[in-house]
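Going by my numbering, the first residue of the sequence shown is number 9, and it counts up by one from there.
In what follows, a single structure is set out as structure tokens and then discussed.
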Amino acid sequence: MRLSLTVNGDRREVDGVWEGESLLSALREHLELPGSKNACEQGECGSCSVYLDGELVCACLVLAGQAEGREVVTVEGLAGDGELHEVQRAFVEAGAVQCGFCTPGFVVASHDLLARIRSPSDAQIREALAGNLCRCTGYEKILDAVRLAAERLAVGSPSSTGSPPAEDPL
Numbered sequence: 009m010r011l012s013l014t015v016n017g018d019r020r021e022v023d024g025v026w027e028g029e030s031l032l033s034a035l036r037e038h039l040e041l042p043g044s045k046n047a048c049e050q051g052e053c054g055s056c057s058v059y060l061d062g063e064l065v066c067a068c069l070v071l072a073g074q075a076e077g078r079e080v081v082t083v084e085g086l087a088g089d090g091e092l093h094e095v096q097r098a099f100v101e102a103g104a105v106q107c108g109f110c111t112p113g114f115v116v117a118s119h120d121l122l123a124r125i126r127s128p129s130d131a132q133i134r135e136a137l138a139g140n141l142c143r144c145t146g147y148e149k150i151l152d153a154v155r156l157a158a159e160r161l162a163v164g165s166p167s168s169t170g171s172p173p174a175e176d177p178l
């Protein structure tokens, strides 16, 4: 089947997508966007988190055909003008990137949280990231990264670029 959608702000069309194929597979295999990772294929780990029309979803649970005519933003789409988004930058600076497999999902989920709550409490951070699993860490560096990004975004850092979810100017 042919799939037409907007990905990271660009209109894209893909031929040869199988009707039962996941959005995750279409992003990785057909659109060459490897950021979202394929880990559990059951929506349990959050490694494949993306925005679908501004809503955070696990791309492994969405059929590619369900994205027809819709807008998808991946971890690659958060960066703008060759600069990392402040959330991405904070993950690097806080040492929250270990093997990196879970990182894209944590970054997108953190971006979503900070678009909704500018200065989240630790409890709010933990709740927002509860659907994301990391096999390498004790999570403290990830929490540090979210706190750092929140702090920087709260003061209106000029490097807070990127594609926010639907109409929320992050």
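The beta carbon of each residue, even a glycine, is placed where N, CA and C say it ideally should be.
Ser127 places its beta carbon 8 Å or farther from that of Ala98. Put simply, the backbone Cα of Val25 is about 29 Å away from that of His119. Residue environment for Ile150: buried (at least 16 other C-beta atoms within 10 angstroms of its C-beta). Within the same chain, Cβ atoms closer than 6 Å to the Cβ of Ser55 are found at Lys45, Ala47, Cys110 and Gly113, the five residues on either side in sequence being excluded. Note on Gly28: under 16 other CB atoms within 10 angstroms of its CB, so exposed under the neighbour-count rule. Shown here, Cys66 sits in a strand according to DSSP, grouped into three states.
By the C-beta criterion, the region 127-141 is judged not to be in contact with the region 71-89, since fewer than 3 inter-stretch pairs fall below 8 Å. For a cut-off of 8 Å, the C-beta gap from Val58 to Val116 is around 6 Å, short enough to register as a contact.
DSSP lists Leu64 and Val81 as the bridge partner or partners of Tyr59. In the structure shown, the three-state DSSP call for Thr111 is helix. Here the C-alpha atom of Ala87 lies approximately 30 Å from the C-alpha atom of Met9. Val22 and Leu122 have their C-alpha atoms roughly 32 Å apart. Restricting attention to Arg143, Arg19 and Gly146, the CA atom closest to the CA of Arg78 is found in Arg19. Assigned with DSSP and collapsed to three states, Arg19 falls in strand. Within a 10 Å sphere around the beta-carbon of Cys53 sit 16 or more other beta-carbons, which makes this residue buried. Between Glu84 and Asn16, the gap from beta carbon to beta carbon is short of 8 Å. With a 10 Å radius around the Cβ and a threshold of 16 neighbouring Cβ atoms, Gln96 comes out buried.
Distance check between Gln50 and each of Thr14, Val154, Glu148 and Val70 places Val70 closest, using alpha-carbon atoms only.
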